[in-house]
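These notes are about the structure you will find just below.
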Amino acid sequence: MSDTTKHPQLAKVRLAGGAPPLLPDLADVMPADPALADALATEFASTATTLSTPQAYWAGLNGWMTDRLSGPVMEGKVSPEQLGAQAWAIYASSYWGGLELREHWGMPPVIAKMGIKFSPPFADVQMGILAQMRQRMAAVNAGGEACLALLPSLMREGGTSGTVYGIAYNAGVQVVKTEDPPIGQRRPHRQPKPAALRINGRDFMRVDYDLPTPHYLKVWRSAYERAVTANPEAYERVIVGEAGQTDLRDLWRKGVAFGNTTWGGDSQDNWTDAYFDETIRWSSILTFGMEAVGLAAIAAVINQDPEAAKLAVMGNALYLGATPGWLLGLIDTGAHLPTVTA
Amino acid sequence: MQYDRRTILAGAGSAALAMSLPAAAQAVTSAGAARFAGAAPLGPELAKVMPESPALMEALAAEFAPTAARLQSQDIYWLGFNGWMTDRLSASIMDGTLDAKDIGPQAWAIYASSVWGGVELRRLREKWDSAPAMPDAVVQQAAARLARSQQDMAEKMTLRLNALAGGPASCLSILPTLIRDDSTTGPVHGMAYNAGVQVVKTEDPPVGRRRPQRPAKPSSVRINVRDFMRVDYDLPSPLYLKVWRSKFEGAVTGNPDAYEKIIRGEPGQENLRDLWKRAVLLGLKTWGGESNDKWSDAYFEGALHWSSVLNFGLEAMGLATFVALINQDPEAARRAVLVNTLYVGATPGWGVGLFDKNATLPAKA
């Protein structure tokens, strides 16, 4: 998949220990691949030197990895056989991101408020990932038409695994942290970062970052615009859905607004500015791949394009362990981060 | 004689670099400033409200010099200077640091650099085209339009200057009129049209009309008919624009009813979302297809870059206009009118440069 796996001599960083919980059934579809994690950590090494604090290493590796792996998937360069291990790498790095956050700043208030009572090995969470991964991989293995058939339901998933909701929520969280009321809940001690990330409830599927955007995302943004322009009626049908289904614009608004209930207010008051800034950066980067998937999903359905549908489902599968991984990292209080050696 | 304008300007007026405008303009009175005088046609009526300021131009040229030195080609010097200047001058307006009494010369600087951008393009077209001469009829028609455009610019300047002279509340009172101006001086139309022009050059059908010889540049500028007042560039955005984007969102979120009321307008007025759509689509009709077939790659790339930069101030203008109206904020209104005034000569200036043979490039530039 990556240059580093083709050239093992580049794999100089080693991550030892700290593997996330992985039930055998989940390992069947999302196999642990420590060599891949090492290769990615090696490739990340030069970027890691740009971090403003080492306390954001795992958050950075995780965000960077989602973008690094989304590119080839959304460009059609990844086979279904390679996808499971890549999804594991994102799951694992998310878990490490969660561990890192709690280790330095304690359990976020949002987790306490949720009243989560899970305990190792967190079978419910893992089974949730497994069910979604099996569903996606079954479609991918059956081919583009099966992916096309699956997409309307993936678009309407009301969690971060949804191709619409995931973008809206994750981008909305950054707005909550950086914008003043009534849009966000920027805390007085945080430096203003106006329009660092732009998303709102009005402009459906529209996110703008104060960062250079990767080529694969620009390509899918362009493909999306062409699809919408060429067939506005089909676009509206996709949004409205079948009778009784959620209108995707409502789901978008809900996703954007939900960020206000999770990471706003005092939820990150004790973070240093350096860590805070890095989370804005890497969470924005993490949204790149999600956005590309969301746009590809709609373009695929509008154009009835099986190949685009397959890429959208694969890109979606890549992220299935991301949010659960962070959650497990936060609540797995007995776990330890991997040792990084170079 | 051929001059490398990048090196000439790199050595000129460097002492002015750290100064703020227009203090810098007042300090620079060297002979170098004179080269800018008289090179952009300026009738007496227009000169009253948009006075020539060669010293200001000299100061701006000095400040632009490091950027000019990095241009891909000196053939796009005036194109770059013009786009850069709109952003440079918009910043101090939108930050609230410009006094209204200084806006006339600044509007002239934008007008003049637009004229020179047009002259530069006219000359390049003569080089690129095998049959450079324009038919007399076209020139005569253009000359008649240009005569009207001077009058039009003078009227627009007067309207805005009167509002500024009347104070912030007076600015607030003319914004409902300005916001429905469906020309490039309109706060909604201007940004939509100009951004649409970049999309038509870079995107494939059915969105744009990218020519096969041009490299694909997906999503270089993002604007569409759906997402009202939303533009995104594949460039870092200046702080003043980010600040006004944020204020716009705050205003819309804080008072969505007022926002919708402004968009709908009074009975019989055009809905601003329709105006936005028209402007984007107009942009998609003007500079696409064969219109840029003969441009060099350097000019094509430069036009895309600097026209995007030119849009920064236009976008801030549009957003500030809404913020002012939604919040009934006189200071936001003052800045919105000021930046609108700044751009009054931009598009007409390009027309003058392209079609008026009396327009010349500054002698030594």
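Here the protein sequences come in this chain order: Z and Y.
Note that the numbering used here gives residue 333 to position 161 of the first sequence, counting from 1, and the numbers run on in steps of one.
Note that the numbering used here gives residue 367 to position 358 of the second sequence, counting from 1, and the numbers run on in steps of one.
Cβ atoms here follow ideal geometry from the backbone N, Cα and C, with glycine treated the same way.
DSSP beta-bridge partners of residue i
i, result
"serine 380 of chain Z", "Reading off the sequence shown, one finds aspartate at residue 380 of chain Z, where the question assumed serine. DSSP output for aspartate 380 of chain Z lists Z:Arg370 as bridge partner(s)."
"arginine 319 of chain Y", "For the record, residue 319 of chain Y in the displayed sequence is leucine; it is not arginine. Answer is none; leucine 319 of chain Y lacks a bridge partner."
"valine 187 of chain Z", "Position check: residue 187 of chain Z holds leucine in this sequence, whereas valine was assumed. BP columns for leucine 187 of chain Z point to Z:Val512."
"valine 5 of chain Y", "Because chain Y here runs from 10 to 374, residue 5 of chain Y falls outside it and cannot be looked at."
Top-ranked residue by Cα proximity to residue i, from the options
i, options, result
"threonine 513 of chain Z", "Z:Val465, Z:Thr214 and Z:Ile503", "Z:Thr214"
"threonine 219 of chain Z", "Z:Asp205, Z:Ala209, Z:Ala207 and Z:Gly235", "Z:Gly235"
"aspartate 236 of chain Y", "Z:Cys319, Z:Val282, Z:Glu414 and Z:Val379", "Z:Val379"
"threonine 167 of chain Y", "Y:Arg44, Y:Pro60 and Y:Pro276", "Y:Pro60"
"lysine 256 of chain Y", "Y:Trp285, Y:Met326 and Y:Ser316", "Y:Met326"
"alanine 110 of chain Y", "Y:Asp213, Y:Gly205 and Y:Leu173", "According to the sequence provided, residue 110 of chain Y is lysine. The question's alanine does not apply to it. Ranking Y:Asp213, Y:Gly205 and Y:Leu173 by Cα distance to lysine 110 of chain Y puts Y:Leu173 first."
"alanine 152 of chain Y", "Y:Leu370, Y:Thr369 and Y:Gly362", "Y:Gly362"
"serine 213 of chain Y", "Z:Leu369, Z:Thr385, Z:Ala402 and Z:Pro360", "The sequence given here has aspartate at residue 213 of chain Y, not serine. Aspartate 213 of chain Y has its Cα closest to that of Z:Ala402, out of Z:Leu369, Z:Thr385, Z:Ala402 and Z:Pro360."
"threonine 222 of chain Z", "Z:Leu420, Z:Ser251, Z:Gly356 and Z:Asp449", "Z:Asp449"
"threonine 350 of chain Y", "Y:Gly360, Y:Gly322 and Y:Ala368", "Y:Gly322"
"glycine 189 of chain Z", "Z:Tyr407, Z:Pro206 and Z:Val282", "Z:Pro206"
"leucine 155 of chain Y", "Y:Gly274, Y:Ala49 and Y:Gln337", "Y:Ala49"
"glutamine 227 of chain Z", "Z:Ala191, Z:Trp277 and Z:Glu479", "Z:Trp277"
"aspartate 422 of chain Z", "Z:Met327, Z:Arg362, Z:Asn342 and Z:Leu500", "Z:Met327"
"proline 510 of chain Z", "Z:Gly269, Z:Glu247, Z:Pro292 and Z:Ser242", "Z:Gly269"
"glycine 259 of chain Y", "Z:Ala311, Z:Ala264, Z:Thr350 and Z:Tyr263", "Z:Thr350"
"proline 478 of chain Z", "Z:Lys184, Z:Leu322, Z:Ala211 and Z:Leu271", "Z:Leu322"
"valine 234 of chain Y", "Z:Asp375, Z:Leu490, Z:Lys184 and Z:Asp352", "Z:Asp375"
"glutamine 375 of chain Y", "Y:Arg273, Y:Lys136, Y:Glu279 and Y:Leu319", "This structure cannot speak to residue 375 of chain Y, because chain Y is shown only from 10 to 374."
"isoleucine 232 of chain Y", "Y:Ala288, Y:Thr193, Y:Trp304 and Y:Gly274", "Y:Ala288"
"asparagine 432 of chain Z", "Z:Val282, Z:Leu383 and Z:Trp260", "Z:Val282"
"glycine 298 of chain Y", "Y:Gln278, Y:Lys136 and Y:Thr211", "Y:Thr211"
"tyrosine 268 of chain Y", "Y:Ala201, Y:Ile183 and Y:Phe331", "Y:Phe331"
Exposure of residue i, with buried meaning 16 or more beta-carbon neighbours within 10 Å
i, result
"glutamine 115 of chain Y", "buried"
"valine 412 of chain Z", "exposed"
"arginine 79 of chain Y", "exposed"
"glutamine 222 of chain Y", "exposed"
"lysine 270 of chain Y", "exposed"
"methionine 10 of chain Y", "Interpretation of methionine 10 of chain Y is limited by its pLDDT of 33, a score under 50 that renders its predicted location unreliable; no figure is taken from the coordinates."
"lysine 249 of chain Z", "exposed"
"threonine 505 of chain Z", "exposed"
"serine 266 of chain Z", "buried"
"asparagine 367 of chain Y", "exposed"
"phenylalanine 216 of chain Z", "buried"
"glycine 254 of chain Z", "For clarity, residue 254 of chain Z is glutamine in the given sequence; the question names glycine instead. Glutamine 254 of chain Z is buried by the Cβ-count criterion."
"aspartate 13 of chain Y", "Caution applies to aspartate 13 of chain Y, whose pLDDT of 37 falls short of 50 and renders its modelled position unreliable; the value that the coordinates give is listed next. Under this definition aspartate 13 of chain Y is an exposed residue."
"alanine 27 of chain Y", "Note that alanine 27 of chain Y has pLDDT 40, beneath the 50 cutoff, so the model's placement of it is unreliable and the number below is only indicative. When all chains shown are included, alanine 27 of chain Y counts as exposed."
"glycine 331 of chain Z", "exposed"
"alanine 225 of chain Y", "exposed"
"alanine 178 of chain Y", "exposed"
"alanine 25 of chain Y", "Low local confidence applies: a pLDDT of 38 at alanine 25 of chain Y is under 50, so the model's placement there is unreliable, with the coordinate-based value given in what follows. Buried: at least 16 other Cβ atoms inside 10 Å."
"proline 227 of chain Y", "buried"
"serine 317 of chain Y", "buried"
"methionine 238 of chain Y", "buried"
"proline 280 of chain Z", "buried"
"alanine 341 of chain Y", "buried"
"alanine 494 of chain Z", "buried"
"valine 165 of chain Y", "Looking at the sequence provided, one finds lysine at residue 165 of chain Y rather than valine. Under this definition lysine 165 of chain Y is a buried residue."
"phenylalanine 73 of chain Y", "buried"
Proximity test, residue i beta-carbon vs the ligand NAP heavy atom, cut-off 7 Å
i, result
"tryptophan 359 of chain Y", "Inclusion of the ligand NAP in the displayed structure is not the case, the ligand content being empty and no account of it being possible."
- request: For the segment 342-349 of chain Z and the segment 469-479 of chain Z, state whether three or more C-beta atom pairs, one from each stretch, are separated by less than 8 Å.
  value: Cβ pair count under 8 Å is below three, so no.
message: Below 8 Å, how does it come out for the segment 350-363 of chain Y and the segment 107-121 of chain Y: are there three or more Cβ pairs, yes or no?
response: Touching, yes.
query: So, do the segment 156-166 of chain Y and the segment 54-63 of chain Y have three or more beta carbon pairs nearer to each other than 8 Å?
result: Contact between the segment 156-166 of chain Y and the segment 54-63 of chain Y is present, because at least three Cβ pairs lie under 8 Å.
task: Count the C-beta pairs between the segment 328-346 of chain Y and the segment 182-192 of chain Y that are closer than 8 Å, then say yes if the count reaches three, no if not.
output: The segment 328-346 of chain Y, when compared against the segment 182-192 of chain Y, does touch it at the 8 Å Cβ threshold.
Proximal residues, the segment 219-240 of chain Z versus chain Y, C-beta separation under 7 Å: Those residues of the segment 219-240 of chain Z that come within reach of chain Y (Cβ to Cβ, closer than 7 Å) do not exist; the list is empty.
- prompt: Are the segment 229-248 of chain Z and the segment 437-456 of chain Z touching by the rule of at least three beta carbon pairs closer than 8 Å?
  reply: Touching, yes.
- prompt: Quick check: the segment 295-311 of chain Z against the segment 428-442 of chain Z, are there 3 or more CB pairs under 8 Å?
  reply: No, the segment 295-311 of chain Z does not touch the segment 428-442 of chain Z.
- prompt: Is it a yes or a no for the segment 388-397 of chain Z touching the segment 463-470 of chain Z, going by three-plus beta-carbon pairs under 8 Å?
  reply: Judged by Cβ distances under 8 Å, the segment 388-397 of chain Z makes contact with the segment 463-470 of chain Z, as three or more pairs qualify.
message: With three or more C-beta pairs closer than 8 Å as the rule, is the segment 304-319 of chain Z touching the segment 410-424 of chain Z?
response: In short, these stretches do not touch, since the Cβ pair count stays below three.
message: Using a Cβ-Cβ cutoff of 7 Å, what residues of the segment 392-407 of chain Z are near chain Y? List them in chain order.
response: Answer set for the segment 392-407 of chain Z: Arg393, Ser394, Glu397, Arg398, Thr401 and Ala402.
message: By the 7 Å beta-carbon criterion, what residues does the segment 250-273 of chain Y contribute toward chain Z?
response: Cβ contacts with chain Z: Lys251, Val252, Arg254, Ser255, Glu258, Gly259, Thr262 and Gly263.
message: To be precise: take each residue of the segment 454-473 of chain Z, compare its Cβ to all Cβ atoms of chain Y, and keep it if any distance is under 7 Å. Which residues remain?
response: Residues: none.
task: Examine the Cβ distances between the segment 356-372 of chain Z and the segment 244-258 of chain Y and report whether three or more of them are shorter than 8 Å.
output: The answer is yes - the segment 244-258 of chain Y touches the segment 356-372 of chain Z, with three or more Cβ pairs under 8 Å.
message: Tell me which residues of the segment 331-343 of chain Z have at least one Cβ-Cβ distance to chain Y shorter than 8 Å, keeping chain order.
response: Within the segment 331-343 of chain Z, no residue has its Cβ closer than 8 Å to any Cβ of chain Y.
query: Quick check: the segment 197-205 of chain Y against the segment 131-140 of chain Y, are there 3 or more CB pairs under 8 Å?
result: Short answer: they don't touch.
- request: With 8 Å as the C-beta to C-beta threshold (strictly closer), list the residues of the segment 405-433 of chain Z near chain Y in chain order.
  value: Going along the segment 405-433 of chain Z in chain order, one finds no residue with a Cβ nearer than 8 Å to chain Y.
- request: Can you give me, in chain order, the residues of the segment 212-230 of chain Y that have a beta carbon less than 7 Å from any beta carbon in chain Z?
  value: For the segment 212-230 of chain Y, the residues whose beta carbon sits under 7 Å from a beta carbon of chain Z are, in order, Glu212, Asp213, Pro215, Val216, Pro227 and Ser228.
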